[in-house]
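Per the numbering used here, the very first residue in the sequence shown carries number 241; after that it's consecutive.
Down below is the structure, laid out as structure tokens.
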Amino acid sequence: MEDASAGDPVTGSGAPSSSGRAAEARRLLAALGPAAGTDLDERSGRQARAAAGTGLDRLAELARRLLDAEVAQVVILSEVQTVVASAGSAPRMLGAGPLDERLCARVLLEDGPVRLDVAAESSGSHLAVPLRTGGHVVGALCVSVPAPRRWSERDVALLEELAGPVVAELELGALVATYEDDRLVWQVAVDAGGVGAFDWDLVTGELRWDDRLLDLFGLDRDGFAGTIEAFRASVHPEDRARVEAALGAAIDSCGTFESEYRIQLPSGHTRWVDARGQAVAGADGSAVRLLGAAHDSTARRDGDARVARVLESMPTAFYQLDADWRFAYVNGEAERLLAATRDSLIGRVVWDRFPAAVGGSFEEHYRRAVETGEPVAFEAYYPAPLDGWYEVRAWPSPDGLAVYFLDITDRRRAHDRLQEGAEQTQLLSDVSASLATTLDTEEAVRRLPQLIAPRVADWSIVTLLTEPAGVGTTAARPWRTNLRDAGHWHHDPVKRALVTVYASTRLRALSDSAPLARAATGQQPVIHRTDATQALLGSLAPGPARDAISALAPRSGAFIPLRARGRVVGLLSAFREEDREPFTDEDVALLLDLGNRAGLAIDNTRLFGLQRDLAEGLQRSMLTAPPAIDHLEVAVRYAPAAVAARVGGDWYDAFRQQDGATVVVIGDVIGHDVAAAAAMGQARTLLRGIAATTGAGPAAVLRDLEGAMRLLEVDVLATALVARLDRPDAGVPGPTRLRWSNAGHLDPVVVHPDGRVETLAPAVRDPLLGLGEGPGRTEQEVLLAPGSTVVLYTDGLVERRGEHLDAGLARLAEAVRELAAEDLTLGELCDRLLARLVPSGAADDIALVAVRLGSDGDEGDVVGAAPDGGSRDRR
241 MEDASAGDPV TGSGAPSSSG RAAEARRLLA ALGPAAGTDL DERSGRQARA
291 AAGTGLDRLA ELARRLLDAE VAQVVILSEV QTVVASAGSA PRMLGAGPLD
341 ERLCARVLLE DGPVRLDVAA ESSGSHLAVP LRTGGHVVGA LCVSVPAPRR
391 WSERDVALLE ELAGPVVAEL ELGALVATYE DDRLVWQVAV DAGGVGAFDW
441 DLVTGELRWD DRLLDLFGLD RDGFAGTIEA FRASVHPEDR ARVEAALGAA
491 IDSCGTFESE YRIQLPSGHT RWVDARGQAV AGADGSAVRL LGAAHDSTAR
541 RDGDARVARV LESMPTAFYQ LDADWRFAYV NGEAERLLAA TRDSLIGRVV
591 WDRFPAAVGG SFEEHYRRAV ETGEPVAFEA YYPAPLDGWY EVRAWPSPDG
641 LAVYFLDITD RRRAHDRLQE GAEQTQLLSD VSASLATTLD TEEAVRRLPQ
691 LIAPRVADWS IVTLLTEPAG VGTTAARPWR TNLRDAGHWH HDPVKRALVT
741 VYASTRLRAL SDSAPLARAA TGQQPVIHRT DATQALLGSL APGPARDAIS
791 ALAPRSGAFI PLRARGRVVG LLSAFREEDR EPFTDEDVAL LLDLGNRAGL
841 AIDNTRLFGL QRDLAEGLQR SMLTAPPAID HLEVAVRYAP AAVAARVGGD
891 WYDAFRQQDG ATVVVIGDVI GHDVAAAAAM GQARTLLRGI AATTGAGPAA
941 VLRDLEGAMR LLEVDVLATA LVARLDRPDA GVPGPTRLRW SNAGHLDPVV
991 VHPDGRVETL APAVRDPLLG LGEGPGRTEQ EVLLAPGSTV VLYTDGLVER
1041 RGEHLDAGLA RLAEAVRELA AEDLTLGELC DRLLARLVPS GAADDIALVA
1091 VRLGSDGDEG DVVGAAPDGG SRDRR
């Protein structure tokens, strides 16, 4: 369709162009030749004139003379205006140009004659009438004179009379062009098919052949006598009677003639011809003519013979079913694969001969191919006696269904083995990946049974040795007391309760001859492929475990030692039920591989637990509880990183100096390992010693600490904040003076008695410890009212991956503000802060110190902390 949003090309008024009108105009232009609408140059004009012929030019000349005009033109109006004929003294400008406000194009707007009677400047006077066809204005017949002229109604009527012949000439040209196109298409089709035509006049006996048929019979015009006898002489003697019978039947019935026969060429060669014809009746109803055509079918005939030879010799099985599903052809390979001779198959219905195909993939695909007319391809299994997998391709045709098939049983079984191997590899990968992501023994044991069911077993139990035994040795204690069933799973939710009962009661009920006992003491796998239930019932004392096994009734059982680093660390008991094949040698090998991987993972969690306990002891020795201090309440917390070895470089300290002032310290040595913890211990000890012996203020303590570290070659890079609280003189009410010095650490937070939260930011920030000589350490000072709370912390409390630190600091301030309003003890405040800000465990070490100022005359409470984050109050 044309774009209806575009305005009319002449006026720009917004009226859409007619797609039907443009299509009609383009149809007429196409009949005038490819050059009729291309461009405006002289050559294109000549090409358009030649294509249009002289008829339109004669009509244009007639219009010019009858109306005594200087120029006459025939214009076609499509998306452009194309002058296709012209007469008169003006230069001929045939070809295409844009639609504009010129006279001829305005007939589209007026939908009728257009007259310009008075000359505008020197353009002359003009008259145009529309050319209509198919209900549309497709062009205009225009005349012009150079002088002013008033066009009469007679002039308009005369030009409209001439418009009719112009349209007729255009339509005739289009009709001739269409006819010529159809004739050329027909001729191309005939030539491509090699078809020759014949006409046999039954009254005169004359037989006319076209050149194509003469060439088909190897004759020329002079060599063909033009009689039916000449035709009979060319037909192969063995086919002559059959062809004459077919001709006679067509003539007698005044019907059709069809025959395929051989002819003998003058060269002595033989050719197959496929002929079709139709008898034509005369006035009395008897045949008077036989018209028809013939083509060379030798290639197809030879192809059919070759196909038959190929079908018999090819290694692919083939058979043809007719429209009634009966075997019509079976090649030798199909006989072999179907284990039947062709004599026993030809004429039999496929569903009767192979009943197992009914209702399965074979029938489904065969019937779909016939119903849809589309070929199908599929793989399917046929049971005994064939007992094989087949790759089948079936093509429907008017004659029935052609079926090719291959025996792919060996390939399918190899694929199944490959698939099983891939699944086993994936299982091993899943087990390794899942167990490697946890360092918790109980979690590892819980995951393992769920990973192997139902891929290897229907249900399983994982047993841990409380004291791992070296391979080839016997555990020091009796096997029963050295085992603990730590995890179990059944893939069927209905049966999980039975497995839970069995796993929780079996160790006490098993005898020393039980499969589990033999696997534990012998440290070798014990397999019961088909008699697992009998073996277990025979080794279980009456009770819940025996009842559970009776209900579970496993068919196959495997008891696999879990080995790691030369020791057995546990046992895997895996079971399959009656509806599943028993464990094969490949399954046992897979279970052994799983056992080795699981054993290593479990042993890793055990070693990590030992390392964690050692780290906790080290941490406990370095992070001590603060001393009891009058008029102050101090709470400390330490939360180790959840995924590390529970030891790091964060530390706190609180102690009194000789003059009675209280010193509170928070710090963080760069690093997250045992080396960082050791460096932290050195820095903490040096700082405590310097502060206790010198009684110096925070800035001096940090300066002396840095000097001592350089002198003693303690290579530490750390942040630290040292705060000193000087209480008022005894019996004199007033605020407590807080002085602090900050070496690159996070700023402390103060909660004032009125609930206001303030961050104590320094005027000048000092560098970290360990960066070398600097400008010195500065000190800040603030007075705090009784009841104020000071919170010091390390970055693990506020930092989050991918988040700006300011967001964490704002979150801390908000949490402190809300919790301070709940009238919590200082220890509860610390615990609630940790739970709120790190709810899923710390990604980094966290040290936390909170100090609350008491009123004059109060005895301060001190709340200490164990390294694992637990608290204890000291009065």
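Think of the CB as a built atom: it goes at the ideal place given N, C-alpha and C, for glycine as much as any other residue.
Here the structure is a predicted model, which is why all the values come from computation and not from measurement.
ask   = What whole-angstrom Cβ distance do Leu-1008 and Leu-957 have, given they're in contact under 8 Å?
value = 6 Å
message = Buried or exposed for His-730, going by 16 or more other Cβ atoms inside 10 Å?
response = With 16 or more other Cβ atoms within 10 Å, it is buried.
inquiry  = Once the 5 residues before and after Phe-618 are set aside, which same chain residues still bring their CB inside 7 Å of it?
reply    = Ser-601, His-605 and Val-632
task = Check Asn-571 in the structure and name its three-state DSSP category.
result = coil
message = If you follow the beta strand (DSSP E) that His-728 is in, where does it begin and where does it stop?
response = Counting along the chain, the beta strand (DSSP E) containing His-728 begins and ends at 723-730.
inquiry  = Could you compute how far the alpha carbon of Ala-726 sits from the alpha carbon of Trp-719?
reply    = 16 Å
query = Straight-line CA distance for Val-311 to Ala-327?
reply = Cα-Cα distance, rounded: 6 Å.
The segment 928-935 touching the segment 972-989, judged by at least three CB pairs closer than 8 Å = no
query = From the DSSP output, which residues share a beta bridge with Glu-235?
reply = Residue 235 is absent from the model: the chain starts at 241 and stops at 1115.
query = DSSP on Asp-827, reduced to helix/strand/coil?
reply = helix
key: Option in Gly-937, Val-766, Asp-787 and Gly-806 with minimal Cα separation from Ser-796   = Val-766
ask   = Just curious, the alpha helix (DSSP H) that Val-741 is in, first and last residue?
value = 736-749
query = In three-state terms, what does DSSP make of Ile-930?
reply = helix
request  = Would you check if there are 3 or more beta carbon pairs closer than 8 Å linking the segment 905-922 to the segment 865-875?
outcome  = no
key: Inter-residue spacing [alpha-carbon to alpha-carbon] between Asp-514 and Thr-538   = 9 Å
inquiry  = Checking the sheet assignment: what are the DSSP bridge partners for His-366?
reply    = Leu-356 and Ser-384
query = Does the segment 1029-1038 come within contact of the segment 1066-1078, defined as at least 3 CB pairs closer than 8 Å?
reply = yes
inquiry  = Mapping the DSSP letters down to three states, classify Ser-813 as helix, strand or coil.
reply    = strand
query = Using CA coordinates, which residue listed in Ala-936, Trp-699, Val-696 and Thr-721 is at the minimum distance from Thr-706?
reply = Thr-721
inquiry  = So, with DSSP's three-state summary, where would you put Leu-1000?
reply    = coil
query = So which of Ala-368, Ala-579, Leu-269 and Ala-563 has the shortest CA-CA distance to Ser-384?
reply = Ala-368
task = Taking only the alpha-carbon atoms, compute the straight-line gap between Leu-487 and Thr-581 and give it to the nearest angstrom.
result = 41 Å
request  = With a threshold of 16 other CB atoms inside 10 Å of the CB of Arg-837, please say whether the residue is buried or exposed.
outcome  = Counting Cβ neighbours within 10 Å, Arg-837 comes out buried, since at least 16 surround it.
request  = Mind reading off the beta-carbon distance from Ala-743 to Ile-800? Whole number of angstroms is fine, and I expect it under 8 Å.
outcome  = Contact check for Ala-743 and Ile-800: beta-carbon distance about 16 Å, past the 8 Å limit, so the pair fails to qualify.
message = Could you tell me which whole alpha helix (DSSP H) segments of length 4 or greater appear in the segment 680-709?
response = 681-692
ask   = Could you check where the beta strand (DSSP E) with Trp-591 kicks off and where it finishes?
value = Run containing Trp-591: none in the beta strand (DSSP E); it sits in the alpha helix (DSSP H), 590-593.
ask   = How big is the Cα-Cα spacing for Leu-268 and Val-416?
value = 11 Å
query = Within the chosen definition, does the segment 734-743 reach the segment 758-774 through at least 3 CB pairs nearer than 8 Å?
reply = Judged by Cβ distances under 8 Å, the segment 734-743 makes no contact with the segment 758-774, as fewer than three pairs qualify.
inquiry  = So if DSSP puts Leu-1009 in a beta bridge, which residue, or which two residues, is it bridged to?
reply    = Ala-958
ask   = Between Arg-1017 and Ala-963, is the Cβ-Cβ spacing less than 8 Å?
value = no
key: Arg-803 versus Leu-756: straight-line alpha-carbon distance, rounded   = 15 Å
message = Tell me the DSSP secondary structure of Ile-767 in three-state form.
response = strand
request  = Could you give the DSSP three-state label for Trp-391: helix, strand or coil?
outcome  = Coil.
ask   = Helix, strand or coil for Asp-504 per DSSP?
value = Per the sequence presented here, residue 504 reads as Gln, with Asp not at that position. Strand at Gln-504.
inquiry  = Less than 6 Å between C-beta atoms, sequence neighbours within five positions excluded: which residues of the same chain meet that for Leu-577?
reply    = Ala-557 and Asp-647
ask   = What whole-angstrom Cβ distance do Ala-1083 and Thr-1034 have, given they're in contact under 8 Å?
value = The pair is not a contact, with the Cβ atoms about 12 Å apart (cut-off 8 Å).
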